[in-house]
Amino acid sequence: MIEILNDDQLSRARRAGALVGAILQTLRERAAVGTNLLELDQLTGEMIRDGGGVSCYVDYAPSFGNGPFGHYVCTAVNDAVLHGMPHDYALVDGDLLTLDLALTVDGIAADSAISFIVGETRDPADVALIETTEEALRAGIAAARPDARLGDISNAIGRVLKGAGYSVNMEFGGHGIGSTMHQDPHIANNGRAGRGYRLRPGLLLAIEPWVMADTDKLVFDADGWTLRSATGSRTAHSEHTVAITENGAEILTLPPK
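Structure representation (structure tokens):
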């Protein structure tokens, strides 16, 4: 299903996006050396409730998962990149942490992810991973214009990721979003320009480039959720929810100024 949102739904999407952006900014500030992932998860749940939102993750049970996710935020550390299940782990200096958050406000969802380094130690290779996904996200958003094609977004992302020397996994990517968290269309992180669904105002998209340092292969943790690089290499993931408007893509999940 591909939804085209009306003005009222877009207004609710903006509120959802603002809450996602604010929560992720707070979590980034709280994610210090010694902070436990379960503390971040608990704080996320409190902020979602206080902000009038509803978690998209607690009861989320897709075909690839191992039962309901049961947590409020995805916390992927170092070689983990997607669906990182919070667990009893205290962050250490130099950890590369990805936080991925989706919630609804008044029945409309927004979804965003950030990657950053905890503490003072900054490996240049980790910095390059993060900066590349952020650059690819900017490129994908710039390509998301009315009457453009989905392939234009995928091509823009893939050119940045491959141009930086990374291989691209095609199993997981961006997606449509609206009254539910995951909808059609799928947005691959590489593709051919000029192909695929034509974008139109009212379409809501979660654009999310992610990479692993030296592979495009994923493996599952025993928890049935957390996806890691098959080689144990570091990973990064950047995501925004955008609304296609007459003037281009409006980013809904920016942190507060």
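Position one of the sequence shown corresponds to residue 4 (our numbering), numbered consecutively onward. For glycine and all other residues, C-beta sits at the position ideal for the given N, C-alpha and C. Quick caveat: nothing in here was measured; it's all calculated off a predicted structure.
Checklist entry - Hey, which unbroken runs of the alpha helix (DSSP H) at 4 residues or more fall wholly within the stretch 74 to 160? => result Within the stretch 74 to 160, the complete alpha helix (DSSP H) runs of at least 4 residues are 127 to 146.
Next on the checklist: Would G56 and L22 qualify as a contact pair, given that the criterion is a beta-carbon distance under 8 Å?
Outcome noted: Yes, these two residues count as a Cβ contact at 8 Å.
Item to check | Entirely enclosed beta strand (DSSP E) segments - the stretch 158 to 195, minimum 3 residues | outcome: Taking only runs of at least 3 residues, the beta strand (DSSP E) segments lying wholly in the stretch 158 to 195 are 177 to 179 and 186 to 190.
Checklist entry - In the DSSP assignment, what are the bridge partners of W213? => result W213 has H240 as its beta-bridge partners, per DSSP.
Checklist entry - How do the stretch 239 to 254 and the stretch 218 to 231 stand: do at least 3 beta-carbon pairs fall below 8 Å, yes or no? => result In short, these stretches do not touch, since the Cβ pair count stays below three.
Item to check | Distance CB(S170)-CB(D219) smaller than 8 Å | outcome: Result yes, Cβ atoms of S170 and D219 sit closer than 8 Å.
Next on the checklist: Quick check on V95: buried or exposed, where buried means 16 or more other Cβ atoms within 10 Å of its Cβ?
Outcome noted: Taking a 10 Å sphere around the C-beta of V95, we find fewer than 16 other C-beta atoms and assign the residue as exposed.
Checklist entry - Starting from R231 and walking both ways along the beta strand (DSSP E), at which residues does that stretch end? => result Note, R231: beta strand (DSSP E), L230 to S232.
Checklist entry - Where does M88 land, buried or exposed, given buried means 16+ other C-beta within 10 angstroms? => result Classification of M88: buried, given that the 10 Å Cβ count is 16 or more.
Item to check | Three-state class that DSSP yields for V36 in the structure shown | outcome: V36 falls in the coil class under three-state DSSP.
Checklist entry - Do S118 and H240 have their CB atoms nearer than 8 Å? => result The answer is yes: Cβ separation under 8 Å.
Checklist entry - Between E242 and I210, is the Cβ-Cβ spacing less than 8 Å? => result With respect to I210, E242 sits close: the two C-beta atoms are nearer than 8 Å.
Next on the checklist: Quick check: V121 and A216, are their CB atoms within less than 8 Å of each other?
Outcome noted: The answer is no: Cβ separation not under 8 Å.
Checklist entry - In the DSSP assignment, what residue or residues form a beta bridge with V245? => result For V245, which the question treats as bridged, DSSP gives the partners L208 and I254.
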